[in-house]
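Below you'll find the structure, written out as C-alpha cells, and then a few comments.
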Amino acid sequence: QAHWSAAPAAPLAAPHGTGVEWVVAGSACALRGVWRFALMCAIQLLVAGETVRTWNDDLWRRLRARDDVPDDFLADPDHIGPFKAGGGKGGDLMAFTKDGHFIVKELNRGDHESLLKVTASYVDRVLHRETLLCTLYLHYTELRTGRTYMVMKNLLLHKGPYIGLYDLKGCADDKTLEREGRKVKPVHKRIWRIHMWCGECTWSPDRVVYYQGKVAARRLAIRVTDAQRASILENLRLDTEWLAQNDLMDYSLLVGMRRISRQELEDDVVANWARRAPPGELRQPLLHQGATADDISLVYIGIIDFLQSWTLGKKVAMLLKAMERDKATIPPKPYADRFFEHFARNIQGGEEPVESPADNSNDPFAHFHSAYLTRCTSDAITYYSCRSYDEVEALLNGLDTPKLDGDLHSEVSGKTLLGRASTLRLSCFSGLCRSPTNR
126 QAHWSAAPAA
136 PLAAPHGTGV
146 EWVVAGSACA
156 LRGVWRFALM
166 CAIQLLVAGE
176 TVRTWNDDLW
186 RRLRARDDVP
196 DDFLADPDHI
206 GPFKAGGGKG
216 GDLMAFTKDG
226 HFIVKELNRG
236 DHESLLKVTA
246 SYVDRVLHRE
256 TLLCTLYLHY
266 TELRTGRTYM
276 VMKNLLLHKG
286 PYIGLYDLKG
296 CADDKTLERE
306 GRKVKPVHKR
316 IWRIHMWCGE
326 CTWSPDRVVY
336 YQGKVAARRL
346 AIRVTDAQRA
356 SILENLRLDT
366 EWLAQNDLMD
376 YSLLVGMRRI
386 SRQELEDDVV
396 ANWARRAPPG
406 ELRQPLLHQG
416 ATADDISLVY
426 IGIIDFLQSW
436 TLGKKVAMLL
446 KAMERDKATI
456 PPKPYADRFF
466 EHFARNIQGG
476 EEPVESPADN
486 SNDPFAHFHS
496 AYLTRCTSDA
506 ITYYSCRSYD
516 EVEALLNGLD
526 TPKLDGDLHS
536 EVSGKTLLGR
546 ASTLRLSCFS
556 GLCRSPTNR
C-alpha cells in the first residue's frame, strides 16, 4: 500500500526588475518545483503510522519482493517496539518489531551517506549471490524528527536463551554479548577511568565478566560441518572483497549458538526449513549433531554493522591509537584480509551433519520465507562464571561442567578453581559448560 503526499506549493511572488533578476528568479522557481516533485515521489510509505521519506526505494523494493515482505510491513503504529540505545559507541537507537522479525536501527550521518553510496551495489550482491551480509529492506527518514533509519532482517530467528552470542571482528574488539541466556554488561576500560588502569583488583564484578567474555570471544572456535565451512568461507571471502572495494571497515561477524533436542527439532519450523536446504545452499540456522545423540546444535553467522567508511576521522583515530595492539581502526583492505584470515582459522569443520528427511518431494516448508518464521521458545539454563584466565583457557579446551557444592569449583590437573559470582546469575563463556540438570 503506497501513500503519496507533498506539501502544498506556496504562491510565488512575481519577480521585479529585468534581465538577470528575471533569469535568477525563474531558475529558483524551476529548482523549487523540481525539488517538490522529487520530494513528492520519494514520500511513499507509512512507518509506525507516519509518512516517511524513503531513499532508493525502487532498489529496496526488489529485496522486499524477493522475500515476500509487503511495502506496508511497518505501517502499523503498534508493530515497532520501544527504541533503546543499541550498545555501540555511537549510542544510535534500535528497536525490534513485536514479532521479532525485523530490526529498525537509527543511522548517523556517516552511515546514512555510506548506505546511499553502496545501495545499488549492495542490492545487486544480496539479490543475485549467496552472502553473509545481513539483509536490509528499507532506508527512510522521518519527516517529523529528521532522524534516518534502516530496517534489516533479524538474523537470529530463534528466541533465546543462547549458549553464546558474540560480536566478532577478529581483533582485540571481539566481545561476548550473551552467555547461556544472560546478557553481558559492557564495562569499557576508558582512559578517563583511572582506577581501571591500576590492576584487576580495582575492577568491578561486571568488568571482570565483560573482560572474560572478550578473552573467550577472541579465542572462540565456531564448529560446523565440512560442507558448511566451505560455503561460509567462500561467501566470507567474496563479502570481504566487496566491503574492501567499497571502502568499508569496522564491521563484525555476529555468531549465535543454541541447542535443541531431537524432539524439538521435529516441531521446529525454523530448523526444519534450514534442514531441508538443497545441496550447496546455505540456510540458517546451520545445523549439526550435538554432543549426544539427542542434541542438535544451531549456529547463526552473519556480517553486521558494515556501513563504516574509511573517513578522515578514522585515519586520525588510527594515528591516536598507534600504541594499541590488534586494533579495529585500520584501512579497509588490511581489515578485510585480517577478518577473513581470522575466521578461516576459527571456523572449524568436522561436525556431523543432521540428516535431511528421506522424502523432500512433499516438503511443507518449500515455500516458506524466513522473514515470517514463528519464533521458538525455550527455558533458561543454569550457568557459571570463570574467575581466572587459566579457567577460561581450560574451558576453551573442553573442561567439563563445574559442580556446585558450596563454593563453585572444578578439578583441573589437581587444582581447585573457584568461581566468581557476578550480579544475580553466574556465567560461563566457553560454550561447553552446562548445568548437571540440563545435560
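Residue numbers (my numbering): 126 to 564. Don't be surprised by glycine CBs; every beta carbon is placed ideally from N, CA and C. Note that the coordinates shown come from a computational prediction; the quantities given were computed from them, not determined experimentally.
Can you give the Cα-Cα distance for residue 275 and residue 260, rounded to whole angstroms? Here residue 275 refers to the residue found at position 150 of the sequence shown. Here residue 260 refers to the residue found at position 135 of the sequence shown. The straight-line gap from Cα to Cα measures roughly 11 angstroms.
For residue 389, which three-state DSSP category applies? Residue numbering aside, residue 389 sits at position 264 when the sequence shown is read from its first letter. The answer is helix: DSSP assigns residue 389 an H, G or I state.
Going along the chain, which residues of its own chain have a beta-carbon closer than 7 angstroms to the beta-carbon of residue 452, five neighbours each way excluded? One-based indexing of the sequence shown puts residue 452 at position 327. Closer than 7 angstroms at the Cβ level, and outside the excluded window around residue 452, lie 296, 297 and 446.
Secondary structure, alpha helix (DSSP H): runs of 4+ residues fully inside the segment 203-275: 234-253
Answer with buried or exposed for residue 299, where buried requires no fewer than 16 other C-beta atoms within 10 angstroms of its C-beta. Mapped onto the sequence shown, residue 299 falls at position 174. The residue is buried, with at least 16 neighbouring Cβ atoms inside 10 Å.
Please tell me whether residue 342 and residue 379 are closer than 8 angstroms, where the distance is taken between their beta carbons. The residue you call residue 342 lines up with position 217 of the sequence shown. The residue you call residue 379 lines up with position 254 of the sequence shown. Their beta carbons are not under 8 angstroms apart, which means residue 342 does not touch residue 379 by this criterion.
When DSSP labels each residue in this structure, what does residue 566 get in the three-state scheme? Absent from the structure is residue 566, since the part of the chain shown begins at 126 and ends at 564.
Quick check on the DSSP output: the beta strand (DSSP E) that includes residue 281 runs from which residue to which? Along the sequence shown, read from residue 1 onward, the residue named residue 281 stands at position 156. Segment: none, residue 281 is in no beta strand (DSSP E) and carries neither H nor E.
Using 10 angstroms around the beta-carbon of residue 454, count the other beta-carbons present and answer buried if the total reaches 16, otherwise exposed. Counting from one through the sequence shown, the residue named residue 454 turns up at place 329. The residue is buried, with at least 16 neighbouring Cβ atoms inside 10 Å.
For the alpha helix (DSSP H) that contains residue 81, what are its first and last residues? Residue 81 is absent from the model: the chain starts at 126 and stops at 564.
For the 8 angstroms Cβ check, are there 3 or more pairs between the segment 244-259 and the segment 346-361? yes
Would you call residue 498 buried or exposed, if buried means 16 or more other Cβ atoms sit within 10 Å of its Cβ? Sequence index remark: in the sequence shown, residue 498 carries index 373 (1-based). Summary for residue 498: the model assigns pLDDT 42, below 50, so the residue's position carries little reliability, and this model does not support an answer.
From 373, 356, 170 and 202, residue whose alpha carbon lies closest to that of residue 181: Reading the sequence shown from its first residue, position 56 is the one you call residue 181. Taking only the C-alpha atoms, the option nearest residue 181 is 170.
With a cut-off of 8 angstroms on the beta carbons, I'd call residue 474 and residue 351 a contact; round off their distance for me. Here residue 474 refers to the residue found at position 349 when the sequence shown is read from its first residue. Here residue 351 refers to the residue found at position 226 when the sequence shown is read from its first residue. Correct: roughly 4 angstroms between the Cβ atoms.
Using a Cβ-Cβ cut-off of 7 angstroms (strictly less than) and excluding sequence neighbours within five positions of residue 364, which residues of its own chain qualify? Taking the first residue of the sequence shown as position 1, residue 364 is located at position 239. For residue 364, where only same-chain residues beyond five positions count, the Cβ hits under 7 angstroms are 256, 257, 258 and 428.
Put residue 424 into one of helix, strand or coil per three-state DSSP. Here residue 424 corresponds to residue number 299 of the sequence shown, with the count starting at 1. In the structure shown, residue 424 sits in a strand (DSSP, three-state: E or B).
Assign residue 569 to one of three DSSP states: helix, strand, or coil. Residue 569 lies beyond the stretch modelled for the chain, which goes from 126 to 564, so this question has no answer here.
Contact between the segment 406-419 and the segment 386-397 is defined here as three or more beta-carbon pairs at a separation below 8 angstroms; is this criterion met? yes
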